[in-house]
Structures are given as C-alpha cells and as structure tokens.
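A quick write-up on the structure given underneath.
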Amino acid sequence: MGLTIKAISIPFFISSSCGSILLAANPATQVSGQTVVVTWCGASISDTDDWIAFWKIDSSPSTTDHNFIPNAWAYTYGGTTKKNQHPTASGQVSIQVPSLFGRYTVYFCKNAGYTCSSPTTVKVVDPTICKPSPSTTSTVQHIITIIPENHSFDSIYGRYCQATTGSNPTCNIGPFCCEAAPTSVNGSFPKNLTDQENLNFNPSHSASCEICEINNGSMDRYITGCSCSNPSNFAIANSISAIGYYSWAKSYAIGDRYFQSAAGASTENDMYYAVGKFLFLDNTAVPQDKNLNGARCYSSGFKSYYSTTIADLLNYCNISWTFFAEGYDQNPTSHQCYPYYYDAGDDPFTFFPSLITSTQVSSNNFRDLTKLYSDISAGQLPAVSYVKTLGIHTEHPGDSTLTAGQTIVQNIVNAINASDTYRENTVIFVSHDESGGYYDHVSPPPNSIIDNQPYGPRMPFVAIGYQIKQNYISHVPMEPSSLIKFIEWNWLNGSTGQLGTRDTVVNNIGDMFNDTKTGVTIPSN
513 MGLTIKAISI PFFISSSCGS ILLAANPATQ VSGQTVVVTW CGASISDTDD
563 WIAFWKIDSS PSTTDHNFIP NAWAYTYGGT TKKNQHPTAS GQVSIQVPSL
613 FGRYTVYFCK NAGYTCSSPT TVKVVDPTIC KPSPSTTSTV QHIITIIPEN
663 HSFDSIYGRY CQATTGSNPT CNIGPFCCEA APTSVNGSFP KNLTDQENLN
713 FNPSHSASCE ICEINNGSMD RYITGCSCSN PSNFAIANSI SAIGYYSWAK
763 SYAIGDRYFQ SAAGASTEND MYYAVGKFLF LDNTAVPQDK NLNGARCYSS
813 GFKSYYSTTI ADLLNYCNIS WTFFAEGYDQ NPTSHQCYPY YYDAGDDPFT
863 FFPSLITSTQ VSSNNFRDLT KLYSDISAGQ LPAVSYVKTL GIHTEHPGDS
913 TLTAGQTIVQ NIVNAINASD TYRENTVIFV SHDESGGYYD HVSPPPNSII
963 DNQPYGPRMP FVAIGYQIKQ NYISHVPMEP SSLIKFIEWN WLNGSTGQLG
1013 TRDTVVNNIG DMFNDTKTGV TIPSN
C-alpha cells in the first residue's frame, strides 16, 4: 500500500517499504555546507534520470514540493543538469547538505519524478570555525564591498593601462604594468564611453550571448558573429568619465585578472558573493520571501535556496555583517520598480531562508545605505558590509552614468578616511557584478571545477584603504568568490573553504595588501 500526493501538477509517491533499492549516506552526520556521499543499490537500469534529494524531516510531503530542498539534490549521474541517462544498478553521488542545522531524510526518486523510496537520514550540524574570541587574523577589522554593475576591465581601464596589448607584463607598479585595450577589434574602433554613451547603449549580456562572444577564449565575436554582437560593445572610458577609477588605481591597488564568476547576467553572478557557486542562469530567479522590503515587480521566478552562505557562517560566529541598499527604507509599492527604487533581487542574501525572517525589515543585516554613514560616525560599522545603490547609481548601462556610481564610492571612501576609528583598519573593495556585455581582450580561465560554469570576462577590481599597496597592479587571478575566501581567512579562524564551493579553489586577495600594515602576510592563494 502506498500514499499518493499531488506536488504542483506532478504526483508524489512514497512507497511503504524500501523495495529493492537500498540507500545510504556517508557520513551520516555532516557539517553545514559540506558534502555527503550517497550510495545506492537495486536501481532499475531501465529508468531515466533518477535523482537523489534531501527533504525536510519535520513534516510529510504536502500538496506542494516545498519540503524538497531545491539545491540539495543530484541526478544519479551527478549534477543537476538533465541528460536523459539511465542509472547504474548501484553507484554513488556527492551532494552538498543544506545550510540549516537539523535532521533530513534523503530519498531515491525515479524517472525525474516524485515516486520516491528508500529514505535514509542525514544530520546537519554546526561548523567549528569560530575564533576563541572575537578578533581578526590581520589588522583588517572591517571591509566594505561596493558592487557596481556591468562593465568589463577594458571598458574602464583600457586607456589607463599602458603596456602593449598581449605583452603580459610581470611588473606591478603603475599603468605600464597592465595591458592597454587593443586599438581596434575586427576593424572596429572603440566608442568613447562617456556618461552619455553609458546611458545610450546597454549591451546584451545573457549567458548565451557572452559565451558566443567569448568564442572559446578567442574574444573575437563582440563586433560581429553573434546575434548580440554590436560595434558599440567595444567602448572604453577616458580619464574624465572614469576619473574616480583612475585616481583609485594610482593611490591604491587594482587587479587585472579579476574575472566574472560565470558568463551571464547580474543576479546569477551576485550569488558568488554569497555562496561562491552557480544557482541559476541569468536573472531567472527572484527572492521568494514576502516580508522583504522592495518592490514586488515580478510575477514569476520566485525562488528560495538552502545553501550555506558566508553570512550564515558570520552569524554563527557572532560576527556583524550588513547589506546596505540605497532606497531600502522607501519600501516602494508593487508599481515602483528598478532602477528608481530598491529591488530585493539585487541583494543575493535575500534568496536564503536561513537569513530572511518576518523581522527582516528591522534586521541589522538589511539596512538603508544612509545607515552606513551613521554607523561610521557612531563607531558602529559592521565587520563585513556590502553596498548596493539604486539602479540609477550603479553605473549600469542604460540606467546610470559612470559618474553617479563613482560619486557614491568616493563618498564612502571620504567617510572612512575622515574617521579616526576606521581610517587604518577598514578596506573598501569596488567589485562589479559582471562585465555587462562589454568587450575585453583577455581570455577567461577554463570552466570552474566546482560548478562547471564558464567564467565571464575580466571586471574592474579595486582595493582602497590604508593597508593596501599604492599604485599597484595585481596579476593574481581572482573573482568575487575570492572575497568569501578572505572573509573566512580573516574572521573564521583562518580556515578557508568552509562553504565547500569555489572558496576551496579560488585565490585569496592577499597580493593587494601591504604586509607591513596588515601585521601578517595575507595569502594570495
């Protein structure tokens, strides 16, 4: 006898006995965010796309699939991409456990559906990563990561850098130690990326578009050859429109091998600041929770994810963090939308139920940008801060000028430099979400071994602060997940890779720091 329940429009069936399939998980107790190996035997090799998934243990499957943990599952052949393949009669697959602590059931489900049987149990436990007392590994006590939008490295620094294109300089001091953008691409000369040009044209930047333009690393289809190719994709700012970026490069440090985490649009790439791995393509998901501030300007695509984030680890160790969003306190109506109003989808942490509660509106973790300045003045700056401006101030092509974004960055820099409390222990990072479809001449690295996603082009990366090297060009390959690795190293007892995602393999950002001012050598790997 069995129990049949409706899950959306798909029947869900749990057999009353294990049948011929046997399932086991090793280890049966695992730290939040790490992986378990699930083994099985007795599967039918005539099935197609069998899958293994975590389910909440505190309730039975209901008329929806909400008890299924969306990103804690895998097909028997590995991964979450359907390949229409048959399972082996016995085998094993690695699955990352959910972020929320507790006990879960793991089911074997047949034929890409919801006929599931043979449950086993996995217990998810607390990590053991906190320092004995609140402290940092280096003298860096606060970081502020500002996330502008949609520019490649060449589109910002293509004229600042003076080394010959393709020369691969190994020196590090000054603009002759980074490569200039080429003078022409496929017979096309660069547009002058003024504020007005930035407003006039928004390059296509979907994953499929960028993969086509990158062309296996040849970087030769931005002008012609793809449906999204356009001569205006080749645009470079000058010393007027990028005056802030030029000034920060001379006074502090930039990275010329800082790559977009994955080919694709903004929200896809925002996830690498939170979890360091791929969750969804382009902008196809929006936060599920109805308690969020921000306009509800969507009718579909609502998602929640259960991966462990860097914010979960900070919360566990009582380390303060805040995502400061411009316009957060406006709490707009459903008809007041991006780019003029705050959009919760621009904050990657809003996708995770472990961080979002009914009290989120008043939470110290999600606050208006104005509170950043008052926190600095009051000596109450969180250890880890993120900043997202309104779309009209993000530098996003078609919505914002470059000047608007740089002005807000400089305001934050000025506030820190004017503070006796924070001037010498706070570092500001300017790190774009993605390259926005603009041309860049340097080939991205191979697909990540963690999530098999293709990297996108280079993006600007600036480190600003007393502890940062001056007039410095770092050539160390990095990406937004590198910031997660630094947070783990500096605040979480020096142990990196705690999320079990790209934080296990990316380089750290230590090359940009002055060791004499940090009190210790921060790793570059």
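Basically the numbering used here = 1-based index in the sequence shown + 512. For each residue, glycine too, the CB sits at the ideal point set by N, CA and C. None of the values given here were measured: they were computed from a predicted structure.
Inspect the beta-carbon positions of residue i and residue j and report whether they are closer than 7 Å.
i	j	result
Arg879	Phe836	yes
Val636	Ser700	no
Tyr840	Asn876	no
Ser611	Val549	no
Tyr764	Ile976	yes
Ile962	Arg1014	yes
Ala775	Ile735	no
Leu914	Asn662	no
Thr820	Leu1011	yes
Using three-state DSSP, classify residue i as helix, strand or coil.
i	result
Ser574	Summary for Ser574: the model assigns pLDDT 45, below 50, so the residue's position carries little reliability, and this model does not support an answer.
Ser696	coil
Gly767	strand
Lys900	strand
Ile962	coil
Ile888	helix
Asn983	coil
Ser759	helix
Thr938	strand
Gly977	coil
Ile607	strand
Ser778	helix
Cα separation between residue i and residue j?
i	j	result
Lys900	Tyr784	15 Å
His654	Gly737	45 Å
Gly968	Ala537	35 Å
Asn714	Gly948	8 Å
Ser1007	Gln982	28 Å
Asp561	Ala675	51 Å
Pro582	Gly756	42 Å
Ile641	Asn1005	6 Å
Phe524	Thr617	Because the pLDDT of Phe524 is 39, which lies under 50, any placement of that residue in the model is unreliable, and the number read from its coordinates should be weighed accordingly. Rounded to whole angstroms, Phe524 to Thr617 spans 15 Å at the Cα level.
Ser753	Glu907	11 Å
Ser931	Ile888	7 Å
Thr882	Lys643	31 Å
Thr632	Thr588	16 Å
Strictly by DSSP, which residues pair up with residue i?
i	result
Phe814	Val798
Cys621	Trp563, Cys628
Cys553	Leu534, Ser602
Asp880	Ala837
Ile822	Looking at the DSSP assignment, Ile822 forms no beta bridge with any residue, so it has no partner.
Cys558	The sequence as given places Ser at residue 558; Cys does not occur at that position. DSSP lists no partner for Ser558.
Ser943	Phe973
Leaving out five residues on either side along the sequence, give the residues of the same chain with a beta carbon under 7 Å from the beta carbon of residue i.
i	result
Gln772	Asn781, Glu946, Ser947, Tyr967, Gly968, Pro969, Met971
Asn1037	Asn1019, Asn1020
Cys683	Cys689
Gly1031	Ser650, Thr651
Asn1045	Nothing in the structure corresponds to residue 1045, since the chain is present only between 513 and 1037.
Phe580	Ala565, Trp567
So, at 8 Å on beta carbons, what are the nonlocal neighbours of residue i in its own chain, with the 5 sequence-adjacent residues on each side left out?
i	result
Ala692	Gly670, Arg671, Cys673, Gln674, Ala675, Thr676, Thr677
Pro694	Thr677, His953
Apart from the five residues on each side of it in sequence, which residues of its chain come closer than 6 Å, Cβ to Cβ, to residue i?
i	result
Tyr898	Thr657, Phe835
Thr1033	Asp1027
Thr1016	Gly1009
Asp858	Lys900
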